[in-house]
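*Asks:* Take this structure first; my questions come after.
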Amino acid sequence: MDFDERLCRRDCRPGLAVTIDKRSIAEKAPRPERHVAVVVVGAGAAGVAAAIEAARAGVEVLLIDENPIDNDMMAMDVPLYFGQRMQPSVRNRARMMERVVETNPALAEAHEAGVDVQLGTYVWGAFVNGPTVRELPGPMLGLADDRRSWLVGYDRLIVAAGARDVAMGFPGWERAGAMGANGAVSLLTRYRALGSQRMVIVGSGDLGLRTATLALESGVAVAGIVEVANTVRGDEAIARSLASRGVPLYTAHTIREARGRVGEIDSVVLVQVDESLKPVAGSEREIACDTVCLALGLAPNVELLHLVGARLAFDSALGGWIPAINDQMQTSVPTVFAAGDCTGVHDAMLADPEIARTQGRLAGIAAAQSL
Numbered sequence: 105m106d107f108d109e110r111l112c113r114r115d116c117r118p119g120l121a122v123t124i125d126k127r128s129i130a131e132k133a134p135r136p137e138r139h140v141a142v143v144v145v146g147a148g149a150a151g152v153a154a155a156i157e158a159a160r161a162g163v164e165v166l167l168i169d170e171n172p173i174d175n176d177m178m179a180m181d182v183p184l185y186f187g188q189r190m191q192p193s194v195r196n197r198a199r200m201m202e203r204v205v206e207t208n209p210a211l212a213e214a215h216e217a218g219v220d221v222q223l224g225t226y227v228w229g230a231f232v233n234g235p236t237v238r239e240l241p242g243p244m245l246g247l248a249d250d251r252r253s254w255l256v257g258y259d260r261l262i263v264a265a266g267a268r269d270v271a272m273g274f275p276g277w278e279r280a281g282a283m284g285a286n287g288a289v290s291l292l293t294r295y296r297a298l299g300s301q302r303m304v305i306v307g308s309g310d311l312g313l314r315t316a317t318l319a320l321e322s323g324v325a326v327a328g329i330v331e332v333a334n335t336v337r338g339d340e341a342i343a344r345s346l347a348s349r350g351v352p353l354y355t356a357h358t359i360r361e362a363r364g365r366v367g368e369i370d371s372v373v374l375v376q377v378d379e380s381l382k383p384v385a386g387s388e389r390e391i392a393c394d395t396v397c398l399a400l401g402l403a404p405n406v407e408l409l410h411l412v413g414a415r416l417a418f419d420s421a422l423g424g425w426i427p428a429i430n431d432q433m434q435t436s437v438p439t440v441f442a443a444g445d446c447t448g449v450h451d452a453m454l455a456d457p458e459i460a461r462t463q464g465r466l467a468g469i470a471a472a473q474s475l
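Counting in the working numbering, the sequence shown runs from 105 upward without gaps.
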């Protein structure tokens, strides 16, 4: 048998034997199906802007986004808190693909700029060389759609993964109809498939007020906005506009429980709270609704950034853990950039998507120039 000289670089002497470690992964690392100069994860305002700028700089760009989300994933409230309030139309994947494109015109601009746009595609893993792994040909992402799974190598990675809902438990919150504001907004705008007739919103910040406005514009009645504080936390002008349209504002109140038939929400019980936030006995009121929308806040999606080794810091004012970035949206990993809500969520970003687009443009230009 012939041996490659790399297996043994010294002559065999009496008492020595040539063996092969079957458990070694040396030179057994999987190879990526494709290598791309820049991969952008997330096709929101920031991600699309980043992809367009990088493509205009003349580099190959792959833009991936999990939408349209598979109905089975939605049913498990992944990745957003949908609360079983999807209309049956979400099962028609082809139609949902059309709606995702229709409701995000910037995707067409990205395609025209030469960006390879792959929708309905998830990132299931990230692989980089480090102290314990040195055999990879380079950084790679594990991707999957409804048909297959594959690996993609990259030179630069831009993460624009957005944010997810912050949830709150209460008696009855496991019933169908309890959902997150981000999930509601996604069903209202991206999919146009929210299956709700009458909604109660918990939280009066800009997220809650924006959700209430979108719900009314889509024909969903808003039976009330509940706020544990004594005053509305969001934009007062928007709050007054909602009140003038007949939306009750229940300040100094919280949810006691959600009621309904088996598995569904038919009503919610509110209770007034005192200055120490303790329930006031006898102040309960029941409001008919089929949906309780939790607009308590958003938490940045930083898991992918963590996987590739980007340094994170905790900032409660920005939603929790966020990546450390410089003025070019570059993380502590020189080849990785971040933009949009995954870098921190605040009211200004919710009110003006141009902020996310600006971050995306900066990231796209910087990533391309660093190649």
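Virtual Cβ for every residue (Gly too), placed ideally from N, Cα, C.
These figures come from a predicted structure and were not determined experimentally.
(1) Under DSSP, the beta strand (DSSP E) around S371 begins and ends at which residues?
(2) Looking at the unbroken beta strand (DSSP E) that takes in S253, where does it start and where does it end?
(3) Where do the ends of the beta strand (DSSP E) carrying L184 lie?
(4) Figure out for me which residue from L311, G229 and V165 has the closest Cα to the Cα of G401.
(5) Spatial neighbours of A472 within its chain, please: C-beta separation below 6 Å, excluding the five flanking residues on both sides.
(6) With a threshold of 8 Å, are at least 3 pairs of Cβ atoms found where one atom belongs to the segment 407-414 and the other to the segment 250-265?
(7) By a C-beta neighbour count over all protein chains shown, 10 Å radius and 16 as the cutoff for buried, is G323 buried or exposed?
(8) Rounded to whole angstroms, what's the CA-CA distance from E388 to V377? Just pull it up for me.
(9) Taking V256 as the reference, which of P235, E137, T435 and A392 has the closest Cα?
(10) Per DSSP, D220 forms a beta bridge with which residues?
(11) How would you label L466, buried or exposed, when you count the other beta carbons within 10 angstroms and need 16 or more for buried?
(12) So, do the segment 321-340 and the segment 210-230 have three or more beta carbon pairs nearer to each other than 8 Å?
(13) I'd like the span of the alpha helix (DSSP H) that includes T462, first residue to last.
(14) Output yes or no for whether 7 Å exceeds the beta carbon distance between E239 and A133.
(15) Measure the CB-CB distance between G424 and A403 and report whether it falls below 7 Å.
(16) Label E170 either buried or exposed according to how many other C-beta atoms from any shown protein chain fall within 10 Å of its C-beta, with 16 as the threshold for buried.
(17) By Cβ distance, which residues of its chain are closer than 6 Å to M105, with the 5 residues on each side in sequence left out?
(18) Helix, strand or coil for I329? Go by DSSP, reduced to three states.
(19) Please say whether V204 and P183 have beta carbons closer to each other than 7 Å?
(20) From the DSSP output, read off the bridge partner residues of H357.
(21) Hey, how far is the Cα of F231 from the Cα of G413?
(22) Check whether the segment 274-289 touches the segment 451-470, taking contact to mean three or more Cβ pairs, one atom from each stretch, closer than 8 Å.
(23) Please tell me whether D259 and L475 are closer than 7 Å, where the distance is taken between their beta carbons.
(24) Start and end of the alpha helix (DSSP H) containing L454?
*Replies:* So, from the data block:
(1) The residue given as residue 371 occupies position 267 in the sequence shown. Element bounds for S371: S371 to Q376.
(2) Taking the sequence shown and counting its residues from 1, one reaches residue 253 at position 149. Looking at the DSSP string, the run of the beta strand (DSSP E) that includes S253 is S253 to V263.
(3) Taking the first residue of the sequence shown as position 1, residue 184 is located at position 80. Per DSSP, L184 lies in no beta strand (DSSP E) segment and is marked neither H nor E.
(4) Sequence index remark: in the sequence shown, residue 401 carries index 297 (1-based). Among L311, G229 and V165, the Cα nearest to that of G401 belongs to L311.
(5) Here residue 472 refers to the residue found at position 368 when the sequence shown is read from its first residue. Taken in chain order, the residues that qualify are A158, A161 and V163.
(6) Between the segment 407-414 and the segment 250-265 there are three or more inter-stretch CB-CB distances shorter than 8 Å, so the stretches are counted as touching.
(7) Translated into positions along the sequence shown, residue 323 becomes position 219. Exposed is the call here.
(8) Taking the sequence shown and counting its residues from 1, the one referred to as residue 388 is at position 284. Taking the sequence shown and counting its residues from 1, the one referred to as residue 377 is at position 273. Distance between the alpha carbons of E388 and V377: 10 Å.
(9) Against the sequence shown, residue 256 aligns to sequence position 152. Checking every option, the nearest Cα to that of V256 belongs to E137.
(10) In the sequence shown, residue 220 corresponds to position 116, counting from 1. D220 is bridged to L166.
(11) Locating residue 466 in the sequence shown gives position 362, counting from the first residue. With 16 or more other Cβ atoms within 10 Å, it is buried.
(12) The segment 321-340, when compared against the segment 210-230, does not touch it at the 8 Å Cβ threshold.
(13) Along the sequence shown, read from residue 1 onward, the residue named residue 462 stands at position 358. Element bounds for T462: E458 to Q473.
(14) One-based indexing of the sequence shown puts residue 239 at position 135. One-based indexing of the sequence shown puts residue 133 at position 29. In this structure, A133 lies closer than 7 Å to E239 by Cβ.
(15) Numbered from 1 along the sequence shown, position 320 holds the residue referred to as residue 424. Numbered from 1 along the sequence shown, position 299 holds the residue referred to as residue 403. In this structure, A403 lies closer than 7 Å to G424 by Cβ.
(16) As a working note, residue 170 is residue 66 in the sequence shown. That one is buried.
(17) Locating residue 105 in the sequence shown gives position 1, where the first residue counts as 1. The predicted model places M105 with a pLDDT of 48, which falls under 50 and marks its position as unreliable, so this point remains unresolved.
(18) The sequence position of residue 329 within the sequence shown is 225, counting from 1. In the structure shown, I329 falls within a strand segment according to DSSP collapsed to helix, strand and coil.
(19) If you number the sequence shown from 1, residue 183 lands on position 79. If you number the sequence shown from 1, residue 204 lands on position 100. Cβ distance not < 7 Å, so P183 and V204 don't count as in contact.
(20) The residue you call residue 357 lines up with position 253 of the sequence shown. Paired residues: Q376.
(21) By one-based count along the sequence shown, residue 231 stands at place 127. By one-based count along the sequence shown, residue 413 stands at place 309. In a straight line, the C-alpha of F231 is about 10 Å away from that of G413.
(22) In this structure the segment 274-289 does not lie against the segment 451-470, because fewer than three pairs of beta carbons, one per stretch, are closer than 8 Å.
(23) Mapped onto the sequence shown, residue 259 falls at position 155. Mapped onto the sequence shown, residue 475 falls at position 371. Yes. Within cutoff.
(24) Translated into the one-based positions of the sequence shown, residue 454 becomes position 350. For L454, the enclosing alpha helix (DSSP H) begins and ends at D451 to A455.
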